[in-house]
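Student: All residue numbers for the sequence shown refer to the numbering used here, where the first residue is 1 and numbers rise by one.
Think of the CB as a built atom: it goes at the ideal place given N, C-alpha and C, for glycine as much as any other residue.
Could you have a look at this structure, given as structure tokens, before my questions?
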Amino acid sequence: MKVYFVRHGQSNPRDFLSYEEAGEVGLSSFGEKQVRALAKTLRKYTIEKIYVSPLRRARETANIVSAGNIPVIVDERLKEWRISNSLTGRAYKEMRIRMQKERNFSPDDGEAFNECAKRFISFLEDILEEEDEPIVVVGHALIFQSALVTLCKLEHIPAIDEGSLSLLEGNGGVWRIVFLNKRPWFYDRLWRGAKAKIQKIFRRSISYGS
1 MKVYFVRHGQ SNPRDFLSYE EAGEVGLSSF GEKQVRALAK TLRKYTIEKI
51 YVSPLRRARE TANIVSAGNI PVIVDERLKE WRISNSLTGR AYKEMRIRMQ
101 KERNFSPDDG EAFNECAKRF ISFLEDILEE EDEPIVVVGH ALIFQSALVT
151 LCKLEHIPAI DEGSLSLLEG NGGVWRIVFL NKRPWFYDRL WRGAKAKIQK
201 IFRRSISYGS
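Structure representation (structure tokens):
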């Protein structure tokens, strides 16, 4: 089975919001552009369903990818890793680093790294009983990272950028990464920048010729 992981596009600032407050933060205008570029790439593949985290930035991403043509199903298990309900800013980041190293540790109001992975794997096991066609899962970096480390037995936590696309393929309980952290929006932006420069040079050559 093929599972396409889509991390939501760039969101509006949420560094100093609690876990619950951050859940209601949507995409920035640049985040929407990232997702539109990613959606173009996904059109190359046959996708039957999109499963998505209930958090707003993920739902907005899924709706852009779907464009009303692919069913979107919300699943609570796809929420971002709940490191803490109360920590924000620097304290939150420091706790995240500690918990990524001590993977069974969690504060009183948080969820351990390994618990987060189990939550995602529970979702995946249920989907495998129902689906055999490729699906898209729209969610968050930390939950994807915890799942990849566990399923693929990785030593290091991989980068999962905003607006990125990764593909995981499973067969008989064995999972492998086909590709990881592709960023269609980045190459789209590079192409548009290069195209603008070429057009500028072309206009100059015409003006010099006249």
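#1: Alpha carbon to alpha carbon, how far is Ile-73 from Ser-214? Give it in angstroms, no decimals.
#2: Tell whether a beta-carbon distance below 7 Å holds between Gln-145 and Ile-135.
#3: With Asn-63 as the anchor, note down where its alpha helix (DSSP H) starts and where it stops.
#4: Is the segment 83-103 in contact with the segment 53-62, if contact means three or more CB pairs nearer than 8 Å?
#5: For Gly-170, report the span of its beta strand (DSSP E) as first-last.
#6: Do Val-3 and Ala-137 come within 7 Å of each other at the CB atom, strictly closer than that value?
#7: Take Pro-13 and list the residues in its own chain whose beta-carbon comes closer than 6 Å to its own, dropping the five residues that flank it on each side.
#8: The alpha helix (DSSP H) that contains Tyr-92, what's its start and end?
#9: Is it a yes or a no for the segment 164-182 touching the segment 147-154, going by three-plus beta-carbon pairs under 8 Å?
#10: Excluding the 5 residues flanking Gly-23 on each side, which residues of the same chain have their C-beta closer than 7 Å to its C-beta?
#11: Got a sec, what are the start and stop residues for the alpha helix (DSSP H) Arg-36 sits in?
#12: Counting only the same chain and skipping the five closest in sequence on each side, list residues whose C-beta sits under 6 Å from that of Asn-114.
#13: Do Glu-80 and Leu-142 have their CB atoms nearer than 7 Å?
#14: In whole angstroms, give me the CA-to-CA distance for Arg-176 and Cys-152.
#15: Taking the CB atoms as reference points, tell me whether Trp-185 and Ala-91 lie closer together than 7 Å.
#16: Assign Trp-81 to one of three DSSP states: helix, strand, or coil.
#17: Which residue wins for smallest C-alpha separation from Phe-30, given the options Asp-132, Arg-98, His-8, Glu-111?
#18: Output the boundary residues of the beta strand (DSSP E) element that contains Phe-123.
#19: Which stretch, first to last residue, makes up the alpha helix (DSSP H) that contains Phe-144?
#20: According to DSSP, is Phe-5 part of a helix, a strand, or is it coil?
#21: Check each candidate in Lys-40, Ile-70, Thr-41 and name the one with the smallest Cα separation from Ile-47.
#22: On the DSSP letters alone, give me the boundaries of the beta strand (DSSP E) that Phe-179 sits inside.
Tutor: Reading off the structure:
#1: The question about residue 214 has no answer here: the residues shown for the chain are numbered 1 through 210.
#2: For the purposes of this step, residue 145 is identified with residue 145 of the sequence shown, where counting begins at 1. For the purposes of this step, residue 135 is identified with residue 135 of the sequence shown, where counting begins at 1. No, Cβ-Cβ distance for Gln-145 and Ile-135 is not below 7 Å.
#3: Within the sequence shown, numbered from 1, the residue matching residue 63 stands at position 63. According to the DSSP assignment, Asn-63 belongs to the alpha helix (DSSP H) that extends over 56-66.
#4: At 8 Å Cβ cutoff, the stretches do not touch.
#5: Taking the sequence shown and counting its residues from 1, the one referred to as residue 170 is at position 170. 165-171 is the extent of the beta strand (DSSP E) around Gly-170.
#6: In the sequence shown, the residue the question calls residue 137 occupies position 137. In the sequence shown, the residue the question calls residue 3 occupies position 3. Before going on, a small fix: residue 137 reads as Val here, not Ala. Note that the C-beta distance between Val-137 and Val-3 is below 7 Å.
#7: Sequence index remark: in the sequence shown, residue 13 carries index 13 (1-based). The same chain holds no residue with a CB closer than 6 Å to that of Pro-13 once the five nearest residues on each side in sequence are set aside.
#8: By 1-based counting over the sequence shown, the position of residue 92 is 92. For Tyr-92, the enclosing alpha helix (DSSP H) begins and ends at 89-101.
#9: Touching, yes.
#10: As a first step, residue 23 is located in the sequence shown; it is residue number 23 there, counting from the start. Closer than 7 Å at Cβ, skipping near neighbours: Leu-55, Arg-56.
#11: Position 36 of the sequence shown, counting from 1, holds the residue named residue 36. Per DSSP, Arg-36 belongs to the alpha helix (DSSP H) from 29-42.
#12: Along the sequence shown, read from residue 1 onward, the residue named residue 114 stands at position 114. For Asn-114, where only same-chain residues beyond five positions count, the Cβ hits under 6 Å are Arg-103, Asn-104.
#13: The sequence position of residue 80 within the sequence shown is 80, counting from 1. The sequence position of residue 142 within the sequence shown is 142, counting from 1. Yes; because the gap between Cβ atoms is below 7 Å, this pair is in contact.
#14: Against the sequence shown, residue 176 aligns to sequence position 176. Against the sequence shown, residue 152 aligns to sequence position 152. Here the C-alpha atom of Arg-176 lies approximately 6 Å from the C-alpha atom of Cys-152.
#15: Reading the sequence shown from its first residue, position 185 is the one you call residue 185. Reading the sequence shown from its first residue, position 91 is the one you call residue 91. It is not a contact, given that the beta carbons lie outside the stated cut-off.
#16: Sequence index remark: in the sequence shown, residue 81 carries index 81 (1-based). Looking at Trp-81 - three-state DSSP - the assignment turns out to be coil, as it is neither helix nor strand.
#17: Your numbering for residue 30 matches position 30 in the sequence shown. Nearest of Asp-132, Arg-98, His-8, Glu-111 to Phe-30, Cα basis: His-8.
#18: Locating residue 123 in the sequence shown gives position 123, where the first residue counts as 1. First-last for Phe-123: 113-130, but that is the alpha helix (DSSP H), not the beta strand (DSSP E).
#19: In the sequence shown, the residue the question calls residue 144 occupies position 144. Segment 141-151, the alpha helix (DSSP H) holding Phe-144.
#20: Counted from its first residue, the sequence shown places residue 5 at position 5. The three-state reading of DSSP puts Phe-5 in strand, counting E and B together.
#21: The sequence position of residue 47 within the sequence shown is 47, counting from 1. Ile-47 has its Cα closest to that of Ile-70, out of Lys-40, Ile-70, Thr-41.
#22: Position 179 of the sequence shown, counting from 1, holds the residue named residue 179. Element bounds for Phe-179: 174-182.
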